[in-house]
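**Q** Quick note: the sequence shown uses our numbering, first residue -12, plus one each step. C-beta atoms are modelled at their ideal positions from N, C-alpha and C, and glycine is treated no differently. Fair warning: this is a prediction, and the values are worked out from it, not measured in the lab. Please see the structure below; I have some questions.
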Amino acid sequence: MEDELKIEGRNSVVEALKSGVSIQKIQVDKRLTPRYSDIIAYARQMGIPVQEVPSLKAKQGILAYTFPVEPKDVEYFFDKNFVVLADGIEDPHNLGAIMRTAECAGVDGIVIPKHRSAIISEGLISSSAGAVFHLPFTVVTNTAQAVDRFLDRGFFVLGADPGGEPFFRVEFRFPLLLIIGGEDKGLRPIMKRRCDKLIGIPMEGKITSLNTSVSAGIIIYEIKSRVWR
C-alpha cells in the first residue's frame, strides 16, 4: 500500500465521505462545480479542503486524497456470520467487484492474502465503487492457516468450484466462510481439502464459464437468500 491514495469518481468519493475515512482534500473540475455542489458543501462542513481545478484529469472530474484503509485483525471476524475469503484473485477489478457485491449483500467482511492477490489500490477502490470503505477486511500471509482458524471457531467452510454441487441444492449452516479461488486455476487443492462442501453454478449454454466476480456474486446472493427467506 502507498502512503496516499487518490480516489476518483463520484460514487467512490461519496462512499469515502460517508465512511468517515480521513480525507486530506478533494479536487473538483472547475467546470463541474455546480454538479458537485452537494459533495462540496458536505466536505466543507466536515472541514475538508475543496479545490476547484481547471480541466482536472480525473474520472468524472472529481477526486479525493486519502490514506489507505487499515485492515482488521483476523480475530475480528471470528464472531461474524458470513465471511468471504478471496484466495488468489489477482485482478483488482475482479476483487473490487467482489467487494462491492459483498458489501451490498451485507457480508460481514473479506479475507485477502498478502501474496498472490490484488492489493487495496486506487484501481480496486474504483472497481469497488467505494465499498472498500465500508466492508471490513483483513490481510493474511497464509490463507490455509486462516481457514483452519475459522474451522476451529465452528465456521462451515464452503468452496466455490465448477465441479461443486449446484448452488440451489447445497445445504450449509452459519457461521459460514465462503472461499473463492483465483481467476485461472480456481480453488487450490490445499483449500479444497479444508472445505466442508463445494458449491457450483450449473451451465447450460455453449459458454461454460463465468467471470470470477460474476460467479462470486451469484453464490453470495444465494447464501444470503437463505437468511432472508
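How big is the Cα-Cα spacing for Ala3 and Ile10?
**A** If I take the Cα positions, the gap works out to 8 Å.
**Q** Would DSSP call Glu(-5) helix, strand or coil?
**A** Glu(-5): strand per DSSP, three-state reduction.
**Q** Might you give, ordered along the chain, the residues of its own chain that have their beta carbon closer than 7 Å to the beta carbon of Val144, omitting 5 neighbours on each side?
**A** Closer than 7 Å at Cβ, skipping near neighbours: Val134, Phe137, Leu138, Leu164, Ile166, Arg181, Cys182, Asp183.
**Q** Which whole-angstrom value describes the C-beta separation of Ile186 and Ile206, a residue pair presumed to lie in contact below a C-beta threshold of 8 Å?
**A** Between Ile206 and Ile186 the Cβ distance is about 6 Å, and since that is below 8 Å, they are a contact.
**Q** Buried or exposed: where does Val71 fall if 16 or more other Cβ atoms within 10 Å of its Cβ makes it buried?
**A** Val71 is buried by the Cβ-count criterion.
**Q** Only counting the same chain, and skipping five residues up and downstream in sequence, which positions put a Cβ closer than 6 Å to that of Phe159?
**A** Closer than 6 Å at the Cβ level, and outside the excluded window around Phe159, lie Phe143, Leu145.
**Q** Grouping DSSP H, G and I as helix and E and B as strand, with all else coil, what is Ser6?
**A** Residue state, collapsed to three classes: helix.
**Q** Check the C-beta distance from Ser42 over to Asp16 and give it rounded, since I have them as a contact under 8 Å.
**A** About 7 Å separates the two Cβ atoms, so the contact holds.
**Q** Which runs of the beta strand (DSSP E) at least 3 residues long sit entirely within the stretch 107 to 158? Give them in chain order.
**A** Runs found: 124 to 127, 143 to 153.
**Q** Write down the C-beta distance between Ile49 and Arg(-3) rounded to the nearest angstrom, noting that I regard them as a contact closer than 8 Å.
**A** So it is a contact: roughly 6 Å between Cβ atoms.
**Q** Return the residue from the list Gln14, Phe54, Ala73, Asp66 that minimises the CA-CA distance to Lys44.
**A** Considering only alpha carbons, the answer is Gln14.
**Q** Using a Cβ-Cβ cut-off of 6 Å (strictly less than) and excluding sequence neighbours within five positions of Pro149, which residues of its own chain qualify?
**A** The residues are Gly187.
**Q** Does the beta-carbon distance from Glu109 to Phe54 come in below 8 Å?
**A** Not in contact: Glu109 and Phe54 (Cβ atoms no closer than 8 Å).
**Q** Could you name the residues of the same chain whose beta carbon sits closer than 8 Å to that of Ser113, not counting the 5 residues immediately before and after it, in chain order?
**A** Around Ser113: Ile(-6), Glu(-5), Gly(-4), Ser(-1), Lys46, Gly83.
**Q** Which first and last residues belong to the beta strand (DSSP E) in which Pro100 is found?
**A** First-last of the beta strand (DSSP E) with Pro100: 96 to 100.
**Q** Taking 8 Å as the cut-off, decide whether the C-beta atoms of Leu122 and Ile99 are in contact.
**A** No, they are not a contact pair.
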